[in-house]
Amino acid sequence: MVKIGDIELPDFPLLLAPMEDVSDPPFRALCKEQGADVVYTEFISSEGLIRDAAKSVMKLDIYEKERPVGIQIFGANMESMLKTIDIVEKSKPDIIDINFGCPVKKVVSKGAGAGILKDICLMEQLTAEMVKRTNLPVTVKTRLGWDHNSIKIVEVAERLQDVGCAAISIHGRTRAQMYKGDADWKPIAEVKNNPRMHIPVFGNGDVNSPERAAEMRDSYGLDGAMIGRASIGNPWFFKQVKHFFETGEHLAPISMPERVDAARRHLKMAIDWKGETLGVFETRRHYTNYFRGIPHFKEYRMKMVTSDDSKDVFAAFDEVLEKFADHQFTS
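Structure, rendered in structure tokens:
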């Protein structure tokens with residue numbers, strides 16, 4: 001069993017990573033149904049929250065069926081981050097997660113996200129004060145370091161644990177790498193193997209197949225995997241990994257009716273949550289993966305990603321189901 005604070009999770013839990021414009025309530029619901037053990041919100045700006053910015057506040061929406069769910073926040077100003085704790089607690093999440101890993105320039109330029117990897121003392125101080133501010137477990141998501149020459153993740157993890165961090169998720173790249181090259185899990189394993197560490201250590205980055213998840217568990221000895229890009233348009237990834245763990249075999253490919261049903265439900269939930277315009281627009285990124293590998297599919301994909309009216313998108317789903325009902329997916 002793995003525990004985050006008092007939250008009990010199965011051995012080697014699978015966590016849905018916080019992803020901007022991806023891990024919203026509709027997508028989290030689908031991933032939860034398919035076996036995600038913990039889900040996280042999109043990352044939320046502390047400055048946006050304390051200024052009551054509509055987009056930031058909307059991201060606080062969580063639902064009972066998602067639990068356990070973590071709300072992830074980012075920022076570098078102590079006062080703003082502490083005020084954010086008070087706001088976030090009103091949404092009653094199970095976990096508060098601090099983003100010390102986002103590599104995007106607009107975040108890093110403010111000293112937040114991965115930008116704080118340049119100031120480990122501030123990283124430690126922010127974590128310590130946020131832990132004191134709440135009774136909820138506070139976790140951290142970060143990267144190996146700012147660049148290859150500044151990787152101190154074993155020391156960083158130990159310092160964060162010592163000030164009360166309840167779990168740490170580590171992306172196996174530096175900020176300088178962004179999302180390029182291969183994720184390096186060896187330094188994450190060094191964190192886990194540090195005899196002083198007793199909190200869960202989760203790995204993130206390039207967990208893109210059941211075999212890779214098994215490698216992270218069996219060869220690197222980590223406590224769980226945080227899944228990001230592999231789940232986009234593929235909420236079944238969690239189920240696929242768990243089936244592989246239990247049987248050593250791959251789950252049968254997801255059928256066309258299952259894919260269309262998921263896409264349809266995803267769009268409907270998105271519209272119910274954020275309205276027609278945003279619901280249609282922000283769900284488009286998932287369709288390529290929902291229907292990947294179908295020959296002569298461009299016409300239907302274009303309808304899905306260019307139509308502004310949900311009726312047209314739902315009609316495209318119906319056409320796909322009728323025309324490609326017998327298509328055999330290979331994975």
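Residue 1 is where the sequence shown starts when you use the UniProt record's numbering, and the numbers rise one by one after that.
The beta-carbon is built from N, C-alpha and C at its ideal position, and this holds for glycine as well.
What you are looking at is a predicted structure, and each value in this text was computed from that prediction instead of being measured.
Tell me which residue opens and which closes the alpha helix (DSSP H) that residue i is part of.
i	result
residue 334	Because the chain in this structure spans residues 1 to 331, residue 334 falls outside the shown range and cannot be described.
Y287	Y287 to Y290
K268	M256 to K274
A315	S310 to K323
L49	S46 to I50
Y63	Note, Y63: premise wrong, no alpha helix (DSSP H); not H, not E.
K92	Neither: K92 is in no alpha helix (DSSP H) and is coded neither H nor E.
S150	Taken as a continuous stretch (DSSP letters only), S150 belongs to no alpha helix (DSSP H), as it is neither H nor E.
N204	Element bounds for N204: not the alpha helix (DSSP H) but the beta strand (DSSP E), V201 to N204.
I232	Run containing I232: none; DSSP gives neither H nor E here.
N193	K186 to N193
K303	K298 to T306
I120	I120 to R133
R217	P210 to D218
P25	P25 to E33
K55	A54 to M58
CB residue i to CB residue j, shorter than 7 Å?
i	j	result
I232	V69	no
P200	V2	yes
H148	T127	no
E66	K32	yes
S307	E276	no
L30	P210	no
G205	P13	no
V39	I98	no
H327	I294	yes
P26	A270	yes
V320	Y300	yes
K180	W146	no
F238	G35	yes
A325	M256	yes
L9	D52	no
Contact defined as beta carbons within less than 8 Å: I believe residue i pairs with residue j. What is the distance between those atoms, to the nearest angstrom?
i	j	result
G203	I227	Not really, about 10 Å apart at Cβ, beyond 8 Å.
L222	I188	6 Å
I71	I96	6 Å
D312	K323	That belief does not hold up - the Cβ atoms of D312 and K323 are roughly 16 Å apart, past 8 Å.
P103	M178	5 Å
R264	F317	5 Å
V241	A262	Rounded, the Cβ-Cβ distance is 17 Å, inconsistent with contact.
T134	F100	Not really, about 17 Å apart at Cβ, beyond 8 Å.
E129	M197	With a Cβ gap of about 22 Å, E129 and M197 do not count as contacting.
E287	V260	Correcting the residue identity first, residue 287 is Tyr in this sequence and not Glu. Not a contact, Cβ separation roughly 11 Å.
Between residue i and chain C, is there a C-beta pair that is closer than 7 Å?
i	result
V156	Protein chain content of the structure displayed is limited to a single chain, and chain C is not contained in it.
Kindly list the residues whose CB is nearer than 6 Å to the CB of residue i, restricted to its own chain and excluding five residues on each side of it in sequence; keep chain order.
i	result
S80	S46, E47 and I50
P137	I4, G5, I95 and A166
N208	A230
R28	V39 and E66
A157	I168 and V191
residue 333	No answer is possible for residue 333: the residues shown for the chain start at 1 and end at 331.
A183	G172, R173, G205 and D206
I73	I44, S46 and T84
Name the two residues that bound the continuous beta strand (DSSP E) containing residue i.
i	result
F100	I95 to F100
M226	G224 to I227
K141	V138 to R143
K106	Looking at the DSSP string, K106 is not in any beta strand (DSSP E); the run it does join, the alpha helix (DSSP H), is K105 to V108.
F74	V69 to F74
Y40	V38 to Y40
E8	I7 to L9
I170	I168 to H171
K3	V2 to I4
L16	L14 to L16
With a CB to CB cut of under 8 Å and the five nearest residues on each side skipped, what residues in its chain are close to residue i?
i	result
Y220	W185, K186, I188, A189, K192 and G203
S91	L60, D61, I62 and I71
I120	K152, E155, V156 and R159
P132	The sequence given here places Lys at residue 132; Pro does not occur at that position. Answer for K132: G164, listed in chain order.
Can you find the residues in the same chain that come closer than 7 Å, C-beta to C-beta, to residue i, ignoring five residues on each side of it along the sequence?
i	result
E124	R159, L160 and V163
F297	F291
M19	E42 and G228
E215	none
Is the beta carbon of residue i within less than 6 Å of some heavy atom of the ligand PLP?
i	result
F237	This structure lacks the ligand PLP; in fact it carries no ligand of any kind.
Under 8 Å: do the region 100-113 and the region 82-89 share three or more Cβ pairs, one atom per stretch? The way I'd put it, the region 100-113 doesn't touch the region 82-89; fewer than three beta-carbon pairs between them come closer than 8 Å.
Is the region 242-251 close to the region 274-288, with three or more CB pairs under 8 Å? Taking 8 Å as the limit for Cβ pairs, the verdict is that the region 274-288 does not touch the region 242-251.
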